[in-house]
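Trainee:
Structure representation (structure tokens):
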């Protein structure tokens, strides 16, 4: 555990991206929430760490560190609740996934094989950040891992399904971005008017299901 | 009851105390860059500390009062006029329908706060009215203020006319000392690199905004290039590959993968956010104990600051 700032500590639960470490993060998140109660302001769970933000005028770092250490120690092995499985439909096509052909070519695969590998995987939601509703999903098959673009795009459309290294994501809103676009998902990843606001949360499992153009459009997808 | 924006100036944003408890869906905090100044504005007006105010960056705001209310401005020294007549900042002024209020460009400092009695009435999103333009959340439709915007205010007939003397008002300098609580990946910065970071001045570049202040000075080397993305707290000081520090502020991303040497004390990021490009920053390390004490002391001093009062 390290100091992060005047009102924050960061607990490290491991060193690599793995479902096991991520499950530890989730278990620690629950335990810390219970241990700090109303002294807690916010939590940021990520791949292998948990940032704990507290109210420094109500409590102090010594008390927080003590309670967090105890909560985290007791949470190890409690195994966080099984995440839900969420299926997201994706229209995979160069029409909406401009980098699909290049990615396939570099991987020495056909675009169909790339789609099969991407939609055949199960992905864990490791973290949410970068932008509202942006869920980092991992990990994609090594054969379709791809480095970020040398020059990020100014404008990636909402719903874009993309790969960077062994991570994949669905862009929740129009934003700049350097990930490789391979398709588009008609489901909104962040909708302040919806309940829940996001279809996924950290710890959930996501599967992608390939759909055709017609189906994509009928589900409200935009081209 | 309302005021109408005639000219928004360079960047005017509705802000309350900020949005908390929403990091898990990726929302950042927003809120005033200089919370001491916005809270003082609300205190002078007899408002709740986190009532919604306008944060005016650089200056150039003009508005028309549509109905009677009370108005007060704190923060950066932006000459203030009501109907063309100079009036004092850090003072509550009664205004009536048709009055024009202007804030000129800042003579010193960068962020001023304009409040009205009981605060602007704005629908909260995710528990806060704070505008974060990058997220399109808060304020009026998630955008900065523009001309023609109408801001509703509560109907208030009476207010005590509090003010504070010029000698008690904060002064803004071109150099700020920022206290830093070392932490995060501190151990990946050699002792030499840490000494370099804490012993040289850094200059504010023109890439300074509500997300963060990018500084320029002696490059700081980190033994590692990147880390697994992790949560970023307010004030965290990120050192990207070019070695130039970025002090992350209210509208920062909530997670990121650059190494961080520690985090700045909020009392000092408030002062830093009053700097414009060319301003100078010195970093000095403090312990978490000292940070804790400094925050308590500042809170207690803010509570006890004496307000003077003019007869109504």
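Chains as they are written, first to last, in the numbering used here: chain A, 932 to 1154; chain B, 5 to 316. We put the beta carbon where it would ideally sit given N, CA and C, even for glycine. Keep in mind that this is a model prediction, so the values were computed, not measured.
Between which two residues does the alpha helix (DSSP H) holding residue 202 of chain B run?
Mentor: Along the second chain, read from residue 1 onward, the residue named residue 202 of chain B stands at position 198. Per DSSP, residue 202 of chain B belongs to the alpha helix (DSSP H) from 195–203.
Trainee: Considering only their Cβ atoms, is the gap separating residue 184 of chain B from residue 285 of chain B smaller than 7 Å?
Mentor: On the second chain, residue 285 of chain B is found 281 positions in, with the first residue counted as 1. On the second chain, residue 184 of chain B is found 180 positions in, with the first residue counted as 1. Remark: C-beta atoms of residue 285 of chain B and residue 184 of chain B do not approach each other more closely than 7 Å.
Trainee: Mind checking residue 196 of chain B: buried by the 16 CB within 10 Å criterion, or exposed?
Mentor: Looking up residue 196 of chain B in the second chain gives position 192. Answer is exposed; the Cβ neighbour count stays below 16.
Trainee: Please list the residues of the segment 294–310 of chain B that have a C-beta atom closer than 9 Å to any C-beta atom in chain A, keeping them in chain order.
Mentor: 295, 296, 298, 299, 300 and 303
Trainee: Alpha carbon to alpha carbon, how far is residue 247 of chain B from residue 231 of chain B?
Mentor: Numbered from 1 along the second chain, position 243 holds the residue referred to as residue 247 of chain B. Numbered from 1 along the second chain, position 227 holds the residue referred to as residue 231 of chain B. Going by the C-alpha atoms only, they are around 15 Å apart.
Trainee: Can you find the residues in the same chain that come closer than 7 Å, C-beta to C-beta, to residue 113 of chain B, ignoring five residues on each side of it along the sequence?
Mentor: Indexing the second chain from 1 puts residue 113 of chain B at position 109. Once the five neighbours on either side are set aside, the close Cβ partners of residue 113 of chain B are 79, 80, 81, 176 and 278.
Trainee: Can a CB atom of chain A be found closer than 7 Å to the CB of residue 237 of chain B?
Mentor: Against the second chain, residue 237 of chain B aligns to sequence position 233. Interface residue, yes.
Trainee: So residue 1087 of chain A packs on residue 1108 of chain A, CB below 8 Å; how close in whole Å?
Mentor: Working through the first chain from its first residue, we reach residue 1087 of chain A at position 156. Working through the first chain from its first residue, we reach residue 1108 of chain A at position 177. Indeed they touch by this definition, with Cβ atoms about 4 Å apart.
Trainee: Give a yes or no on whether the C-beta atoms belonging to residue 1140 of chain A and residue 1018 of chain A are separated by under 7 Å.
Mentor: The residue labelled residue 1140 of chain A in the question sits at position 209 within the first chain. The residue labelled residue 1018 of chain A in the question sits at position 87 within the first chain. Contact: yes.
Trainee: Let me know the secondary structure DSSP gives residue 933 of chain A once reduced to three states.
Mentor: In the first chain, counting from the first residue as 1, residue 933 of chain A sits at position 2. Here residue 933 of chain A sits in strand by DSSP.
Trainee: Taking C-alpha atoms, which residue in A:970, A:1097 and A:999 lies nearest to residue 934 of chain A?
Mentor: As a position in the first chain, residue 934 of chain A is number 3, starting the count at 1. Among A:970, A:1097 and A:999, the Cα nearest to that of residue 934 of chain A is on A:999.
Trainee: May I ask whether a heavy atom of the ligand COA can be found less than 6 Å away from the beta carbon of residue 39 of chain B?
Mentor: With respect to the ligand COA, the structure shown offers nothing to examine, as it has no ligands at all.
Trainee: Run the CB neighbour count on residue 115 of chain B, radius 10 Å, all protein chains shown included, and call it buried at 16 or more, exposed below.
Mentor: Within the second chain, numbered from 1, the residue matching residue 115 of chain B stands at position 111. With 16 or more other Cβ atoms within 10 Å, it is buried.
Trainee: Does the Cβ-Cβ distance between residue 233 of chain B and residue 259 of chain B come in under 7 Å?
Mentor: For this step, residue 233 of chain B is matched to residue 229 along the second chain. For this step, residue 259 of chain B is matched to residue 255 along the second chain. Cβ distance < 7 Å, so residue 233 of chain B and residue 259 of chain B count as in contact.
Trainee: Using a Cβ-Cβ cutoff of less than 7 Å, which residues in the same chain neighbour residue 93 of chain B once the five nearest sequence positions on both sides are dropped?
Mentor: In the second chain, the residue the question calls residue 93 of chain B occupies position 89. Taken in chain order, the residues that qualify are 77, 78 and 84.
Trainee: Taking 8 Å as the threshold, find out whether the segment 991–1006 of chain A comes into contact with the segment 950–967 of chain A through three or more Cβ pairs.
Mentor: With three or more CB-CB distances shorter than 8 Å, the segment 991–1006 of chain A counts as touching the segment 950–967 of chain A.
Trainee: For residue 137 of chain B and residue 1135 of chain A, I'd like the C-alpha separation in whole angstroms.
Mentor: Position 133 of the second chain, counted from the first residue, corresponds to residue 137 of chain B. Position 204 of the first chain, counted from the first residue, corresponds to residue 1135 of chain A. Taking the straight line joining both Cα atoms gives about 29 Å.
Trainee: Could you name the residues that DSSP lists as bridge partners for residue 240 of chain B?
Mentor: Taking the second chain and counting its residues from 1, one reaches residue 240 of chain B at position 236. Within the DSSP bridge table, the entry for residue 240 of chain B names B:267 as partners.
Trainee: Where does the unbroken alpha helix (DSSP H) through residue 1041 of chain A begin, and where does it stop?
Mentor: Indexing the first chain from 1 puts residue 1041 of chain A at position 110. That residue, residue 1041 of chain A, is in no alpha helix (DSSP H); it is neither H nor E in DSSP.
Trainee: Going straight from the alpha carbon of residue 971 of chain A to that of residue 984 of chain A, what length do you get?
Mentor: Walking along the first chain from the start, residue 971 of chain A turns up at place 40. Walking along the first chain from the start, residue 984 of chain A turns up at place 53. Those two C-alpha atoms are separated by around 6 Å.
Trainee: The beta strand (DSSP E) spanning residue 1019 of chain A covers which residue range?
Mentor: For the purposes of this step, residue 1019 of chain A is identified with residue 88 of the first chain, where counting begins at 1. Counting along the chain, the beta strand (DSSP E) containing residue 1019 of chain A begins and ends at 1016–1023.
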